[in-house]
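Below is one structure, written out as structure tokens, with a few remarks after it.
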Ligand SMILES: NC(=O)c1ccc[n+]([C@@H]2O[C@H](COP(=O)([O-])OP(=O)(O)OC[C@H]3O[C@@H](n4cnc5c(N)ncnc54)[C@H](OP(=O)(O)O)[C@@H]3O)[C@@H](O)[C@H]2O)c1
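As structure tokens, then:
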């Protein structure tokens, strides 16, 4: 059936030609929020689309004295509240595939009994000795779990089986802790067994960045410093930190958003075409981009970055707190709720094209987008043309799609030029439900495809850059700027772009 755009909606046959091998997913921290809100609803989304293998089971590993029955009950509520429409019936079909294993992460005997349980599941449910371990826990628990998995022989791949580990963010809080964590992971698993999740990479529109660039002939010739004036990447949230002030104090937007999500998106926009669409070829190119960004010197931090905190304001007709009035935030806090950074990629493609990254809380709208702004024509023939530079806009959320801004003649006897927009919207073009990012990533981990997961060197390179910015801020005598909640940030953030450029206000 054709939709408004005249295209066929995404039929089942187009969804995936890929099928995963039987396996057991062991979720460490299964009584937590992530399992209930994201992981299990996403598994049921995969089931709905016929993408779960026939032999499949989930074991939840956590401390609380739950039973299989109480675990299943909580998961069922999670699927009901957070799953795609009609996924509860798929949970009912799979209910018996979910079981609970109670143990403390530090308890070695808990891993020995887990191993026995997994062997029983293999025999009963045909999961063929394949395992995926999902670390949905506080990062402080990772090393304990990795160590105990290795000691119990659970990280070894024998007789053609696979053993993989999925690691949640945050992956370290600086270069030193990330390197330590990479060492701990690599003591137990080979890099090809490791899947570091950044859920941004599971979003359709983020993957579309590569499709747009490398499946089309018209964009790539312009995708360089000769034609692109600058690139803006924005991840804006409208919410404040709420009751998570204590947690947020330890990170700030630079650790929480820029080191991972924005850097990942930036590398996809900036990378060279890979030799093939394989995990290592793609990640090799992403790492090269990060390596081409120099470590910031303190004076460059002063010049090329801006940090700020929201102050109280009016939002949606209500008065809202400033950051320092939020629960758990000390008066002397210098943690940034807004960060804007100018990155210079020192390679042939981008030598004169700055990339501006910005992320903040309490902005007017929740929006994630990449704006590629092109240079002005070398000579403007039309007097009084009311046009801005051409722009290609990749909207990642909400209202996913791609838009192009260009000048067109206003109908009438005069030669008047005005900006117009050509718009592609995912929803209208393809119809159907959009799968959650976790669905794609869980499926890829089952398939052993690491393309959309961060490799150890990517994570470390991103920390190298971010660490140098944080070090500059620590040395600086300038406290963070203020910006009123519900605005697009401080004036200094605007100034960062330089003359004739402004941040978009989506
Ligand atoms: N929630 C999200 O939407 C979200 C989004 C992105 C990333 N993440 C990341 O995902 C991870 C998990 O997040 P979450 O929100 O699910 O965490 P959470 O709600 O705090 O859950 C933590 C889990 O770890 C278990 N646990 C902690 N210490 C343990 C121990 N010593 N022995 C056994 N179990 C132990 C807890 O079990 P008991 O309570 O039974 O003791 C609980 O199941 C974090 O790294 C987080 O940053 C979460």
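In the working numbering, the protein residues as written are 5 to 510.
For each residue, glycine too, the CB sits at the ideal point set by N, CA and C.
When you measure from the CB of residue i to every non-hydrogen atom of ligand 1, does any distance come out below 7 Å?
i, result
"residue 87", "no"
"residue 38", "yes"
"residue 172", "yes"
"residue 33", "yes"
"residue 504", "no"
"residue 440", "no"
"residue 536", "Residue 536 lies beyond the stretch modelled for the chain, which goes from 5 to 510, so this question has no answer here."
"residue 218", "no"
"residue 110", "yes"
"residue 71", "no"
"residue 365", "no"
"residue 140", "yes"
"residue 425", "no"
"residue 346", "no"
"residue 42", "yes"
"residue 143", "yes"
"residue 156", "no"
"residue 66", "yes"
Which value, in whole angstroms, describes the spacing of the CA atoms of residue i and residue j?
i, j, result
"residue 206", "residue 141", "20 Å"
"residue 157", "residue 164", "15 Å"
"residue 185", "residue 258", "20 Å"
"residue 56", "residue 130", "13 Å"
"residue 497", "residue 508", "12 Å"
"residue 171", "residue 414", "54 Å"
"residue 378", "residue 467", "30 Å"
"residue 19", "residue 208", "The pLDDT assigned to residue 19 is 47, lower than 50, so where the model puts this residue is not dependable, and the model offers no usable value."
"residue 226", "residue 360", "19 Å"
"residue 510", "residue 370", "9 Å"
"residue 384", "residue 216", "29 Å"
"residue 424", "residue 412", "6 Å"
"residue 491", "residue 320", "12 Å"
"residue 261", "residue 365", "11 Å"
"residue 24", "residue 173", "24 Å"
"residue 417", "residue 390", "17 Å"
"residue 92", "residue 53", "13 Å"
"residue 511", "residue 323", "One cannot answer for residue 511 here, as it falls past the ends of the chain, which runs 5 to 510."
"residue 168", "residue 85", "29 Å"
"residue 408", "residue 426", "5 Å"
If we count the other Cβ atoms within 10 Å of its Cβ and call it buried at 16 or more, is residue i buried or exposed?
i, result
"residue 358", "buried"
"residue 494", "buried"
"residue 373", "buried"
"residue 432", "exposed"
"residue 212", "buried"
"residue 16", "With a pLDDT of 45 at residue 16, under the threshold of 50, the predicted position of this residue should be treated as unreliable, though the coordinate-derived value follows. Per the 10 Å Cβ criterion, exposed."
"residue 243", "exposed"
"residue 3", "Outside the shown range of the chain (5 to 510) lies residue 3, about which nothing can therefore be said."
"residue 187", "exposed"
"residue 73", "exposed"
"residue 10", "Low confidence applies to residue 10: its pLDDT is 37, below 50, so where it sits in the model is not reliable enough to give any reading."
"residue 386", "exposed"
"residue 458", "buried"
"residue 422", "exposed"
"residue 419", "exposed"
Taking residue i as the reference, which of the options has the closest Cα?
i, options, result
"residue 100", "87, 405, 184, 63", "63"
"residue 221", "245, 489, 184, 277", "277"
"residue 152", "72, 191, 121", "191"
"residue 286", "33, 317, 456, 236", "456"
"residue 280", "289, 273, 465", "289"
"residue 310", "478, 104, 122", "478"
"residue 381", "230, 23, 70", "230"
"residue 375", "247, 452, 418, 505", "505"
"residue 35", "283, 461, 106", "106"
"residue 264", "22, 78, 327, 462", "462"
"residue 299", "470, 419, 341", "470"
"residue 340", "427, 252, 404", "252"
"residue 273", "403, 232, 33", "232"
"residue 87", "194, 116, 44", "44"
"residue 350", "327, 255, 367, 275", "275"
"residue 196", "104, 484, 160, 354", "160"
"residue 362", "355, 352, 346", "346"
"residue 282", "448, 406, 27, 60", "448"
What whole-angstrom Cβ distance do residue i and residue j have, given they're in contact under 8 Å?
i, j, result
"residue 3", "residue 109", "The chain is shown only over 5 to 510; residue 3 falls outside these bounds and no answer can be derived."
"residue 446", "residue 47", "6 Å"
"residue 333", "residue 249", "4 Å"
"residue 33", "residue 66", "6 Å"
"residue 293", "residue 315", "At roughly 35 Å, the Cβ-Cβ gap does not stay under 8 Å, so residue 293 and residue 315 are not in contact."
Taking only beta-carbon atoms, is residue i less than 8 Å away from chain D?
i, result
"residue 145", "The structure shown contains no chain D, having only a single protein chain."
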